[in-house]
Amino acid sequence: MRFLLDDEQAAFARSLDALLTASDTPSTARAWSTGNHAPGLALWSRLAEAGVFGLAIPEPYEGVGPLPVELMVAFVELGRHAVPGPLVETVAAAALLTRLAEQGDASPAKRMLPPLASGDAVATMAAGAGGLLALDADAATVMLVVEGAGADAPSTRDAGAREVEADATYAPVGDIGTGTDGHTAQGDVTPGTNVGTRTGADAPSTRDAGAREVEADATYAPVGDIGTGTDGRTAHGGVTPGGGRRVGARAGSAGASPNAPRAVLRLAPGHGPVRSSLDPVRRLAEPAGGGEVLAEGAHVADAFAYAADVAALVTAAQALGVGLALLDRTVAYVKQRTQFGTAIGSFPAVKHRLADTLIGLEFARPLLYGAALSMAPADIAAAKVTAGEAAYAAARTALQLHGAVGYTDELDLSLWLRKARPLRDAWGTPAQCRARVLGA
Numbered sequence: 023m024r025f026l027l028d029d030e031q032a033a034f035a036r037s038l039d040a041l042l043t044a045s046d047t048p049s050t051a052r053a054w055s056t057g058n059h060a061p062g063l064a065l066w067s068r069l070a071e072a073g074v075f076g077l078a079i080p081e082p083y084e085g086v087g088p089l090p091v092e093l094m095v096a097f098v099e100l101g102r103h104a105v106p107g108p109l110v111e112t113v114a115a116a117a118l119l120t121r122l123a124e125q126g127d128a129s130p131a132k133r134m135l136p137p138l139a140s141g142d143a144v145a146t147m148a149a150g151a152g153g154l155l156a157l158d159a160d161a162a163t164v165m166l167v168v169e170g171a172g173a174d175a176p177s178t179r180d181a182g183a184r185e186v187e188a189d190a191t192y193a194p195v196g197d198i199g200t201g202t203d204g205h206t207a208q209g210d211v212t213p214g215t216n217v218g219t220r221t222g223a224d225a226p227s228t229r230d231a232g233a234r235e236v237e238a239d240a241t242y243a244p245v246g247d248i249g250t251g252t253d254g255r256t257a258h259g260g261v262t263p264g265g266g267r268r269v270g271a272r273a274g275s276a277g278a279s280p281n282a283p284r285a286v287l288r289l290a291p292g293h294g295p296v297r298s299s300l301d302p303v304r305r306l307a308e309p310a311g312g313g314e315v316l317a318e319g320a321h322v323a324d325a326f327a328y329a330a331d332v333a334a335l336v337t338a339a340q341a342l343g344v345g346l347a348l349l350d351r352t353v354a355y356v357k358q359r360t361q362f363g364t365a366i367g368s369f370p371a372v373k374h375r376l377a378d379t380l381i382g383l384e385f386a387r388p389l390l391y392g393a394a395l396s397m398a399p400a401d402i403a404a405a406k407v408t409a410g411e412a413a414y415a416a417a418r419t420a421l422q423l424h425g426a427v428g429y430t431d432e433l434d435l436s437l438w439l440r441k442a443r444p445l446r447d448a449w450g451t452p453a454q455c456r457a458r459v460l461g462a
């Protein structure tokens with residue numbers, strides 16, 4: 023058994039690192055937070071040219087995958103560089119459409135997967151019933167909404183979230199299938215879809231997460247609570263041919279159950295007002311009602327569940343990348359920050375804290391790649407909780423060792439600090455993931 027990336031996968035990671043380093047992603051993320059999507063969309067196109075989004079899309083739809091191991095390599099780098107946008111959601115949308123095609127409903131995949139692979143479309147997604155919140159809806163050209171997946175299905179709506187104004191004006195979203203022009207409220211169009219989560223009582227919820235992001239009176243935590251789910255989003259260029267393992271049917275599933283809920287997948291025609299979360303880079307909006315129905319039936323619920331597993335896995339990879347970036351930046355800081363004429367990095371207490379952080383992150387790495395190989399739901403849950411908790415611990419360490427300067431928005435460190443907690447909770451909170459592992 024191999025425990026290391028092969029030469030092609032390592033070269034892929036280096037090429038992505040070089041591309042993203044040259045792209046000044048901190049400035050891109052800050053622009054994204056203000057609704058200026060132009061730099062982010064330009065980077066999105068470069069990632070698509072590098073083949074990142076194609077890793078999640080089968081060859082018949084102009085992709086090269088699905089290749090889950092290469093997706094992990096890509097998302098770790100995307101997390102390390104704090105790349106903005108609905109990255110996880112776009113991959114999850116691709117998984118949802120691919121699964122529908124495997125079950126015989128190929129029309130949505132034929133229409134939407136090629137633009138997602140090329141970077142010409144960005145997707146986001148919402149799930150549940152009423153008051154849904156979708157991530158980066160103002161940048162998306164495709165907004166998928168899953169409804170009727172069952173009473174226990176996760177939702178992007180949170181009971182504690184403020185209701186969207188009833189008289190809100192909705193902005194149209196472009197129809198990538200027919201080529202109609204569509205502009206969001208921000209005037210920019212980006213590829214990305216926020217897809218929802220798996221069904222069941224233990225399913226992660228983008229609803230709870232999204233709700234906490236928009237609570238105006240929320241108490242600010244050092245790392246920022248901007249994620250999804252209170253109970254309970256990859257691509258990059260240069261794929262290695264034959265690397266990794268292609269994803270087939272969801273582990274442990276033989277297809278849609280005859281007794282599964284009759285879910286509906288629709289294409290929302292627009293979105294409501296954009297709300298900034300505690301992480302300004304994560305922007306939320308309620309999808310408009312109505313729109314084109316793309317598919318309906320029990321197979322939609324099954325495809326939705328599979329997409330949620332994929333989303334949890336790539337979120338774990340992104341969280342691992344965030345944690346690694348936080349650790350690297352903190353190590354660099356404690357080497358140059360002095361107290362009493364000595365670098366604080368030489369203090370035993372600081373060394374031990376950094377060592378514990380590194381151990382946590384490195385412990386998560388094999389679980390992540392192991393889950394990418396097996397695609398078993400329990401393995402994915404284990405990887406998700408481990409990587410998420412490790413990234414959150416890295417954020418706490420970074421904040422403590424940076425001291426007061428760590429709390430300033432002007433320091434680029436804040437771009438990573440604010441991602442750690444939402445990624446920990448998105449697509450399955452630690453409690454939900456542990457319960458899923460124990461129930462396997």
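Residue 23 is where the sequence shown starts when you use our numbering, and the numbers rise one by one after that.
Beta carbons: idealized from backbone N, C-alpha and C, even for Gly.
Please report how far the alpha carbon of residue i lies from the alpha carbon of residue j, in whole angstroms.
{"i": "A307", "j": "A148", "result": "10 Å"}
{"i": "S413", "j": "G170", "result": "Looking at the sequence itself, residue 413 is Ala, so the reference to Ser does not match. Approximately 34 Å, taken between the alpha carbons."}
{"i": "G232", "j": "G410", "result": "Any reading at G232 must be qualified, since the residue scores a pLDDT of 49, below 50, and its modelled position is unreliable; no value is offered."}
{"i": "T360", "j": "G425", "result": "12 Å"}
{"i": "T120", "j": "P136", "result": "11 Å"}
{"i": "P444", "j": "V459", "result": "21 Å"}
{"i": "R351", "j": "A72", "result": "26 Å"}
{"i": "P309", "j": "A143", "result": "17 Å"}
{"i": "L89", "j": "V113", "result": "11 Å"}
{"i": "L383", "j": "L346", "result": "7 Å"}
{"i": "E124", "j": "Q422", "result": "48 Å"}
{"i": "L433", "j": "S298", "result": "19 Å"}
{"i": "I366", "j": "V372", "result": "7 Å"}
{"i": "D301", "j": "K441", "result": "7 Å"}
{"i": "R305", "j": "T364", "result": "42 Å"}
{"i": "A190", "j": "Y391", "result": "For A190, the predicted structure reports a pLDDT of 38, less than 50, and the residue's modelled location is therefore unreliable. A value from the coordinates is still provided. The straight-line gap from Cα to Cα measures roughly 44 Å."}
{"i": "R387", "j": "A334", "result": "15 Å"}
{"i": "S396", "j": "F34", "result": "22 Å"}
{"i": "D378", "j": "P370", "result": "12 Å"}
{"i": "I198", "j": "S368", "result": "Per-residue confidence for I198 stands at a pLDDT of 37, beneath the threshold of 50, marking its modelled position as unreliable; no derived number is given."}
{"i": "D431", "j": "G126", "result": "49 Å"}
{"i": "Y429", "j": "L41", "result": "29 Å"}
Going by alpha carbons, who is nearest to residue i out of the options?
{"i": "I79", "options": "E30, R133, V372", "result": "R133"}
{"i": "V332", "options": "V110, D46, P61, A420", "result": "V110"}
{"i": "S436", "options": "A448, A420, T451", "result": "A420"}
{"i": "L316", "options": "Q125, L289, Q422", "result": "L289"}
{"i": "L122", "options": "D431, A327, K441, G76", "result": "A327"}
{"i": "L155", "options": "S45, K357, V296", "result": "V296"}
{"i": "V427", "options": "M397, Y355, I381", "result": "Y355"}
{"i": "A462", "options": "Q454, A448, P399", "result": "P399"}
{"i": "H321", "options": "L287, Q31, P291", "result": "L287"}
{"i": "E314", "options": "F25, A32, R36, S129", "result": "S129"}
{"i": "F25", "options": "D447, F385, R36", "result": "F385"}
Hey, residue i and residue j: beta-carbon distance below 8 Å or not?
{"i": "G343", "j": "R102", "result": "yes"}
{"i": "V407", "j": "L376", "result": "no"}
{"i": "W99", "j": "L38", "result": "For clarity, residue 99 is Glu in the given sequence; the question names Trp instead. Result yes, Cβ atoms of E99 and L38 sit closer than 8 Å."}
{"i": "P323", "j": "A285", "result": "In the sequence as presented, Pro is not what sits at residue 323; that position holds Ala. Against a cut-off of 8 Å, the Cβ pair of A285 and A323 comes out as a contact."}
{"i": "A64", "j": "S140", "result": "no"}
{"i": "H293", "j": "A394", "result": "no"}
{"i": "V303", "j": "P108", "result": "no"}
{"i": "L118", "j": "A325", "result": "yes"}
{"i": "A116", "j": "L138", "result": "yes"}
{"i": "P104", "j": "T146", "result": "Inspection of the sequence shows that residue 104 is occupied by Ala rather than by Pro. No, Cβ-Cβ distance for A104 and T146 is not below 8 Å."}
{"i": "W438", "j": "L380", "result": "no"}
{"i": "A19", "j": "W449", "result": "Limits of the chain in this structure are 23 at one end and 462 at the other, which puts residue 19 out of reach."}
{"i": "T50", "j": "P61", "result": "yes"}
{"i": "V336", "j": "F97", "result": "yes"}
Mind checking whether the beta-carbon of residue i lies closer than 7 Å to any heavy atom of the ligand GTP?
{"i": "L89", "result": "This structure simply doesn't include the ligand GTP, nor any ligand for that matter."}
Looking at chain D, is there any beta carbon in it that lies within less than 8 Å of the beta carbon of residue i?
{"i": "E308", "result": "The structure shown contains no chain D; it holds only a single protein chain."}
Going along the chain, which unbroken runs of the alpha helix (DSSP H) with 4 or more residues stay wholly within the segment 69 to 124? Within the segment 69 to 124, the runs of alpha helix (DSSP H) at least 4 residues long that lie entirely inside it are, in chain order, 90 to 102, 109 to 124.
Taking 8 Å as the threshold, find out whether the segment 76 to 94 comes into contact with the segment 163 to 171 through three or more Cβ pairs. No: fewer than three Cβ pairs fall under 8 Å.
Is the segment 387 to 404 touching the segment 414 to 428, taking contact as three or more C-beta pairs under 8 Å? At 8 Å Cβ cutoff, the stretches do not touch.
Using a Cβ distance threshold of 8 Å, determine whether the segment 43 to 58 contacts the segment 72 to 86, with at least three qualifying pairs required. Counting Cβ pairs under 8 Å, fewer than three are found: no touch.
As an exercise, report each continuous beta strand (DSSP E) stretch of at least 3 residues that is fully enclosed by the segment 273 to 347, in chain order. Counting only runs of 3 or more, we get 285 to 289, 305 to 307, 314 to 319.
Continuous beta strand (DSSP E) assignments of at least 3 residues falling wholly in the segment 403 to 453: Segments of the beta strand (DSSP E) lying fully in the segment 403 to 453: there are none.
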